[in-house]
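Some notes on the structure that comes next.
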Amino acid sequence: MLRATATLAAFLLSASQSVFAAQTSFPLGVLATGTMGVTNPPEPTLGTAINQTSMARLLTVNSVDDFCLFAPPTLQSISNSETIEVAWCTKPRNNARLIPDGTISGVSFLKTDFYVQIIGYGDLTKLNIPADDFGGELDPHGAYGTGNPIGGNVTSNITGADEHFAEWMLYIGNGQFCFRVCTNANSTYSAAAMCWHELDQVGCGFVMPGNYNVNGTFETCDADVAYPPGWYPTATVNGTPEFSSFAQRFTYTPPSGPPVTIGDLTTPAAAYFTPSSSNCVTTSTISNGVNLAELGLSSAPSARPAALERLEILRKLLVQQAAPRPRPAQELRTPLLPLDRTRAVLPGA
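In mature numbering (1 follows the signal peptide of the UniProt record, and there is no 0), the protein residues as written are -21 to -1, 1 to 328.
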């Protein structure tokens, strides 16, 4: 049982304060405090040179037509490339690779008081994801605390200026993605809780509830705030909400001793509720207007170089010799299709 540390009234007061105007200070744990990845530019930059072999790993999430995704540098599955994935952006920016026009077929861009979230569809085989790969989950932690991908960073200007945010999670497969960047916190809901990254086997609809009926549509909406992934309200005691939390079940073997299984036996059918959205504005399409073929650049999946293949084999051997992983991390191979959901209003709102 999770006992909230703030009164419901305090939560509602905090949640009612819009974060869409420029902020000058943020709660602890919201802004990134680490170093920029060695392959990345120091700051998010629009209008950088197009480089379809770039290894930069700086994502930006600003709007329905200005965002980036992590995807493999060469043709390989998400689970096999999670540590080395690179930035692909809808506009020339951040020294990243450019998402070819026509790749993305639908997007829901949601702005809330605690996070910005993108739900999208497309032919993501154009981003080196195999056609039979249902995908996986990426986050700034990874199995060893170095991030998936290593050196990956995320920025957004949704709070009024470009900021580097500490907590985010991206689910991506061959035809769908969902991406949340956590931009606020209070004493009840931390940024880490809002972007909880250990539910990588339940899919987008469970972890990031929203409007998944957007294939063929490009929309920007304001939205209510969902409960943190896996949280379910159980009671309110003296004005303080209480929650139960779902923990994904897995088994691992510690360095010494028998295998250990932890987590819940039963997986809930869905998130507690799907937040309502409002003030939606649609865009006919998103396009960067760049013809990669005319520039002599390929938009087709890249073959995996033999040298990279050998490096990956070596990496896996080193990983196998290292300490056992504490959890199955990003090895999601279940479909990312949304689960059945029920719409509801945030209790007390």
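Don't be surprised by glycine CBs; every beta carbon is placed ideally from N, CA and C.
Nearest-angstrom Cβ-Cβ length linking residue i and residue j, presumed shorter than 8 Å
i      : j      : result
ILE98  : GLY182 : Not confirmed; about 12 Å, so no contact.
PRO207 : TYR168 : 6 Å
CYS200 : SER257 : 7 Å
ALA114 : ILE63  : Checking the sequence, you will find Gly at residue 114 rather than Ala. That belief does not hold up - the Cβ atoms of GLY114 and ILE63 are roughly 16 Å apart, past 8 Å.
GLU116 : MET148 : 6 Å
Spatially closest choice to residue i from the options, by CA coordinates
i      : options                           : result
ASN30  : SER256, CYS68 and PHE185          : CYS68
ASN194 : ILE265, VAL9 and ASN270           : ILE265
ASN19  : VAL65, SER60, PHE5 and SER4       : VAL65
THR91  : LEU271, ALA110, PRO6 and THR162   : THR162
CYS259 : LEU271, PRO237 and THR196         : THR196
PHE144 : ALA164, CYS157 and ILE151         : ALA164
GLU61  : ILE83, TYR150, SER84 and ILE78    : TYR150
PRO119 : ASP141, LEU178 and GLU146         : GLU146
ALA172 : PRO109, ALA140, GLU142 and TYR211 : TYR211
SER28  : PRO21, ASN73 and PHE46            : According to the sequence displayed, residue 28 carries Ala and not Ser. Of PRO21, ASN73 and PHE46, the residue nearest in Cα terms is ASN73.
SER33  : THR53, PRO21 and PRO233           : THR53
PRO109 : PRO233, ASN59 and ALA140          : ASN59
HIS176 : THR215, THR213 and GLY126         : GLY126
PRO21  : GLU142, THR232, ILE83 and ASP45   : GLU142
7 Å Cβ cutoff met for residue i and residue j
i      : j      : result
PRO23  : ASN107 : no
LEU48  : ASN132 : no
ALA202 : LEU89  : yes
VAL43  : VAL86  : yes
GLN155 : TYR94  : no
ALA250 : PHE185 : yes
LEU276 : PRO79  : no
ALA205 : PRO238 : no
ASN267 : LYS70  : yes
GLN2   : THR138 : yes
GLN96  : MET15  : no
GLY152 : LEU178 : no
VAL40  : VAL160 : yes
Per-residue burial, residue i [other beta carbons within 10 Å of its own, 16 or more giving buried]
i           : result
LEU103      : buried
LEU297      : In this prediction, LEU297 has a pLDDT of 40, which is less than 50 and means its spatial position is unreliable; nothing more can be read from the coordinates.
VAL9        : buried
PRO128      : buried
ALA35       : buried
ASP111      : exposed
THR261      : exposed
THR12       : exposed
GLY26       : exposed
ASN192      : exposed
SER135      : buried
ALA124      : According to the sequence provided, residue 124 is Gly. The question's Ala does not apply to it. Flag for GLY124 reads exposed.
ALA285      : At ALA285 the pLDDT is 48, less than 50, meaning the model places this residue with poor confidence; the figure from the coordinates comes in the next sentence. Exposed: under 16 other Cβ atoms inside 10 Å.
residue 331 : Because residue 331 is not part of the residues shown, which for the chain are -21 to 328, the question remains open.
SER166      : exposed
ALA75       : buried
SER4        : exposed
ALA301      : Low confidence applies to ALA301: its pLDDT is 40, below 50, so where it sits in the model is not reliable enough to give any reading.
GLU273      : exposed
ARG(-19)    : Only weak support is given to the placement of ARG(-19): the predicted model assigns it a pLDDT of 38, under 50, and the value that follows is read from those uncertain coordinates. ARG(-19) should be labelled exposed.
SER263      : exposed
GLY81       : exposed
LEU7        : exposed
GLY121      : buried
GLY218      : exposed
LEU77       : buried
Short CB-CB distance (under 7 Å) between residue i and chain E
i      : result
GLU116 : You won't find chain E in this structure, because it holds only one protein chain.
* Which ranges does the alpha helix (DSSP H) cover as unbroken runs of at least 4 residues, wholly within the segment 173 to 215, from first to last along the chain? -> 183 to 186
Identify every run of the alpha helix (DSSP H) within the segment 122 to 156, keeping only runs that are complete inside it and at least 4 residues long; order them along the chain. none
Which complete alpha helix (DSSP H) runs does the segment 55 to 130 hold, if anything under 4 residues is left out? 57 to 60
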